[in-house]
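Chemist: Got a structure for you, written out below as structure tokens; questions coming shortly.
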Amino acid sequence: MDDRIIDLVAENIDVALRLGMQTDSALKVRKLGQAERLVVASAAYLARRGAPRTPADLLEHDGIIYGQVSGGQEWLFRRGTSETSVYLRTRLKLSAAEGVREAVLAGQGFAIASQWMFAPELKSGEVASVLDGWTLPPMDLWVIYPSGRLTSAKARAFIKWFEKTISPAA
Numbered sequence: 000m001d002d003r004i005i006d007l008v009a010e011n012i013d014v015a016l017r018l019g020m021q022t023d024s025a026l027k028v029r030k031l032g033q034a035e036r037l038v039v040a041s042a043a044y045l046a047r048r049g050a051p052r053t054p055a056d057l058l059e060h061d062g063i064i065y066g067q068v069s070g071g072q073e074w075l076f077r078r079g080t081s082e083t084s085v086y087l088r089t090r091l092k093l094s095a096a097e098g099v100r101e102a103v104l105a106g107q108g109f110a111i112a113s114q115w116m117f118a119p120e121l122k123s124g125e126v127a128s129v130l131d132g133w134t135l136p137p138m139d140l141w142v143i144y145p146s147g148r149l150t151s152a153k154a155r156a157f158i159k160w161f162e163k164t165i166s167p168a169a
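Residue numbers (numbering that gives the first Met the number 0): 0 to 169.
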């Protein structure tokens, strides 16, 4: 697993998953779904610092920022026809989704994450979604393959397993 954008051919990778817009025309791509994004924090953090009611309330909290292409300190929120953006105070800026996940679970602050990333903890109540009346722009999830190469049986099996794992019925 690696969050950086890699050259699949140069690194001999059969298949990869990417979030966001895909612009590399040298790759075969297939959209797997769309990740609805949430603002999440651990129950422990919320008990200690309280829950924000509006996006502006996040300015009084600690942000855990995913510093890859789809992340950043400025978060855009929509509710109905109104939009607002918040430039967060950063407690941590991380380049690995696993680090963001662990920081949220450790009660270090708020992060934007897909529901997939925290599904068990959201279900158990260990992590909560806040500002549910507001939406964030969703992120497209893609499977990508090097062009001009047959997709291996292992890669096809991985994608089949992954699609089943992220499906709402899973």
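Backbone N, C-alpha and C define an ideal beta-carbon position, used for all residues, glycine too.
Source: prediction; values computed, not measured.
Considering only residues of the same chain and omitting the five flanking positions on each side of Thr-134, which have a CB-CB separation below 6 Å?
Modeler: Contacts found: Arg-77.
Chemist: Go ahead and pull the three-state DSSP assignment for Ile-63.
Modeler: Residue state, collapsed to three classes: strand.
Chemist: State the CB to CB distance for the pair Ile-63 and Ala-102, rounded to an integer number of angstroms; the pair is presumed to be in contact (CB under 8 Å).
Modeler: Their Cβ separation, rounded to whole angstroms, is 5 Å, which keeps Ile-63 and Ala-102 in contact under 8 Å.
Chemist: Looking at the structure shown, is Asp-13 part of a helix, part of a strand, or coil, going by DSSP?
Modeler: Looking at Asp-13 - three-state DSSP - the assignment turns out to be coil, as it is neither helix nor strand.
Chemist: Considering only residues of the same chain and omitting the five flanking positions on each side of Glu-162, which have a CB-CB separation below 7 Å?
Modeler: The answer, listed in chain order, is Leu-31.
Chemist: Kindly indicate which three-state DSSP category Ser-166 falls into: helix, strand or coil?
Modeler: In the structure shown, Ser-166 sits in coil (DSSP, three-state: anything other than H, G, I, E or B).
Chemist: Measuring straight from C-alpha to C-alpha, what distance separates Ser-113 and Leu-140?
Modeler: Spanning the two alpha carbons is a distance of roughly 11 Å.
Chemist: Taking 7 Å as the threshold (C-beta atoms), are Leu-57 and Pro-172 in contact?
Modeler: For the chain, the structure presents residues 0 to 169; residue 172 sits outside this window and is missing.
Chemist: Following the continuous beta strand (DSSP E) through Pro-54, name the residue where it begins and the one where it ends.
Modeler: Careful: Pro-54 lies outside any beta strand (DSSP E) and carries neither H nor E.
Chemist: Should Gln-72 go down as buried or exposed, given a rule of 16 or more other Cβ atoms within 10 Å for buried?
Modeler: Gln-72 should be labelled exposed.
Chemist: Rounded to the nearest angstrom, what separates Ala-127 and Arg-48 at their Cα positions?
Modeler: Near 13 Å, if we compare the C-alpha coordinates of Arg-48 and Ala-127.
Chemist: Is it the case that the Cβ atoms of Ile-158 and Trp-115 are separated by a distance below 7 Å?
Modeler: In this structure, Trp-115 does not lie closer than 7 Å to Ile-158 by Cβ.
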